[in-house]
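Have a look at the structure below, then the notes.
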Amino acid sequence: MALLPVGIRFIISFSRDQWYRAFTFMLTFLLYASFHLSRKPISIVKGELHKQCTAGDGPESPFSDPSSSTRHGPTHWLLNNETDCGWAPFDKNNYQQLLGALDYAFLCAYAIGMYLSGIIGERLPIRYYLTFGMLASGAFTALFGLGYFYNIHSLGFYVVTQIINGLVQTTGWPSVVTCLSNWFGKGRRGLIMGIWNSHTSVGNILGSLIAGYWVSTCWGLSFIVPGAIVAAMGIVCFLFLIEHPKDIKCSSTFSTHPRAPENGINRFRLQKQTTYSEKNGPLDPELQCLLLSDGKNPLHPSHIVVLPADGNMAAISFTGALRIPGVIEFSLCLLFAKLVSYTFLFWLPLYITNVDHLDAKKAGELSTLFDVGGIFGGILAGVISDRLEKRASTCGLMLLLAAPTLYVFSSVSRMGLEATIAMLLLSGALVSGPYALITTAVSADLGTHKSLKGNSHALSTVTAIIDGTGSVGAALGPLLAGLISPSGWSNVFYMLMFADACALLFLVRLIHKELSCPGPATGIQAPLKEH
């Protein structure tokens with residue numbers, strides 16, 4: 001018999017369940033990366049919506065200097081729908097406030113909608129709910145870009161578009177976190193979700209590159225193309241997303257009851273008579289843990305009884321989720337951590353444009369280094385927290401290091417491009433690490449906390465509460481940056497350092513609880529290990 005090819009041997013070396021888990025991991029990664037891809041264009045286009053005016057052409061930017069006209073070259077021929085200083089109404093001296101209003105409209109709607117999204121998501125099939133959100137998000141992202149082609153200069157049009165887009169994008173995070181947590185257990189959750197959460201940075205990088213490609217020539221396409229990508233991924237979600245391992249037939253002979261209406265999860269019933277000799281292999285671990293046993297060895301009865309999975313448990317209430325130990329502290333910590341992260345997300349390209357005197361395209365490309373650092377920061381936070389089994393302490397350490405790093409960034413970024421590149425990578429790692437850990441592994445830990453007594457209907461609600469509270473900070477950060485930046489970018493960095501200190505303050509109790517325990521522990525009642 002001929003030896004099997006190496007590729008085939010590699011494929012069959014993994015079980016069917018492992019391939020499905022890998023597929024779900026990659027699919028949810030790409031789905032949420034497309035959400036972030038569609039959020040990035042507004043930060044890239046800001047430099048085009050308001051340009052540095054040459055002398056006598058219009059209102060002078062507070063950040064311009066006498067040599068700015070020569071840096072940007074001669075004034076280019078303007079399209080009919082452009083003004084000398086950019087795109088009305090963002091071509092006036094108050095452009096920071098107007099651009100900040102766009103950010104605030106999106107993020108405030110996102111924060112409010114997130115609280116409702118988790119509650120709704122617990123009661124609807126994830127696949128349908130997420131597909132609707134992605135199609136709607138793609139439509140409203142593209143609608144913003146159509147303002148360029150239809151010569152729309154109404155601030156209300158852009159604000160309303162941002163508000164609706166913010167609301168529909170809330171369908172994404174609770175859905176993908178719940179789906180991924182269904183497929184992966186608690187072992188090495190920090191590492192797995194740290195790697196998975198790099199979708200945020202990957203989406204930001206792709207969004208920056210795609211939007212930057214058209215920003216100087218046709219900024220409307222900077223929104224339309226990402227919108228089309230999100231909508232296309234929504235169709236992929238509808239066709240391929242598997243919400244739970246129990247939604248597909250396993251290789252064992254266990255039969256399942258016809259599909260139940262609860263969140264698309266099949267419920268297992270009393271099975272027909274069977275013996276272990278009829279099986280081709282060992283029981284799937286997720287099914288084996290449901291079998292009645294003495295807690296050490298699985299039973300080998302002639303009748304196998306599978307316990308009903310949450311069949312009589314109702315979805316958790318909002319107040320019930322708040323009573324889970326650690327939810328309030330981590331939610332408030334994320335409020336300030338996300339304030340810092342989203343200020344960079346929406347204002348970093350404009351800051352680079354003003355400080356390093358680069359055009360919008362180059363500034364957008366350079367800003368992706370912050371997200372590259374964020375990828376490593378998220379993975380590092382997950383690895384450390386898994387090894388130490390101390391989520392709060394890991395977040396606290398990175399927040400403690402982030403504040404002085406931001407101060408150094410504000411000082412050395414004016415010294416040249418090389419210093420800016422180095423500080424972008426370091427700041428991205430320290431700012432994004434706690435944010436990534438809280439929104440993924442911590443949220444999943446709390447959503448499956450032992451105080452819930454096996455109720456699996458809490459994960460989406462807990463995730464939405466934590467991320468919704470964080471989104472309040474995400475809305476405030478860019479708004480405050482727009483209000484403070486006219487007085488100088490240094491003041492913006494002081495605001496960010498203060499926010500980092502507040503985030504650390506809310507974790508002090510949990511950190512103290514972790515460090516006071518004699519062995520590996522966590523400030524969220526040690527949900528990392530099954531007992």
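With the UniProt record's numbering, the residue at position 64 of the sequence shown is 64, and numbering never jumps. Yeah, the Cβ is synthetic: ideal placement off N, Cα and C, and Gly gets one too.
Short of 8 angstroms from the beta carbon of Ile120, and not among the five residues preceding or following it, lie these beta carbons of its own chain, in chain order: Tyr129. By the neighbour-count criterion, in which a residue is buried when 16 or more other Cβ atoms sit within 10 angstroms of its Cβ, Gln96 is buried. Secondary structure of His357 (DSSP, three-state): coil.
Spatial neighbours of Met495 in its own chain (CB-CB distance under 7 angstroms, excluding positions within 5 residues in sequence) are listed in chain order as Leu480 and Ile484. Note on the segment 171 to 204: whole alpha helix (DSSP H) runs with a minimum of 4 residues are 172 to 183 and 189 to 196, in chain order.
Membership of Lys40 in any alpha helix (DSSP H) is not indicated, and neither H nor E is assigned to it by DSSP. Around the beta carbon of Trp19, a 10 Å sphere encloses fewer than 16 other beta carbons of the protein chains shown; the residue is thus reported as exposed. Our two residues, Arg21 and Glu329, have alpha carbons roughly 31 angstroms apart in a direct line. Ala474 and Ser15 have their C-alpha atoms spaced approximately 41 angstroms apart. In the three-state reduction of the DSSP assignment, Gly227 falls in the helix class. Straight-line measurement puts the Cα of Asn197 at about 16 angstroms from the Cα of Asn182. Taking one beta carbon from each stretch, the segment 136 to 156 and the segment 192 to 212 have fewer than 3 pairs nearer than 8 angstroms; the two do not touch. The three-state reading of DSSP puts Gly326 in coil, since its state is none of H, G, I, E or B. If you ignore the 5 residues before and after Thr439, its C-beta comes within less than 6 angstroms of the C-beta of Asp467, all in its own chain and listed in chain order.
Between the segment 407 to 420 and the segment 510 to 519, the count of C-beta pairs closer than 8 angstroms stays below three; the two stretches do not touch. Looking at the DSSP output, His50 bridges to Gly86. Non-local beta-carbon contacts of Phe29 in its own chain, meaning distances under 7 angstroms to residues more than five positions away in sequence, involve Trp196 and His199 in chain order. The segment 224 to 242 and the segment 356 to 376 do not touch, with fewer than three beta-carbon pairs separated by less than 8 angstroms. In this structure, Ile242 is the residue among Ser460, Trp214, Gly194 and Ile242 with its C-alpha nearest to the C-alpha of Phe23.
Sorting Trp87, Tyr150, Ile465 and Ser117 by C-alpha distance to the C-alpha of Arg323 places Ile465 at the top. 7 angstroms or more divides the Cβ of Lys46 from the Cβ of Leu124.
Here Leu399 is near Leu504, since their CB atoms are less than 7 angstroms apart.
The alpha-carbon of Gly194 is positioned some 33 angstroms away from that of Val159.
At the C-beta level, Leu406 and Phe493 come within 7 angstroms of one another.
The residue from Tyr32, Thr161, Gly190 and Ser427 with its alpha-carbon nearest to that of Cys237 is Tyr32. For Glu389 and Asn354, the gap between their C-alpha atoms comes out near 43 angstroms.
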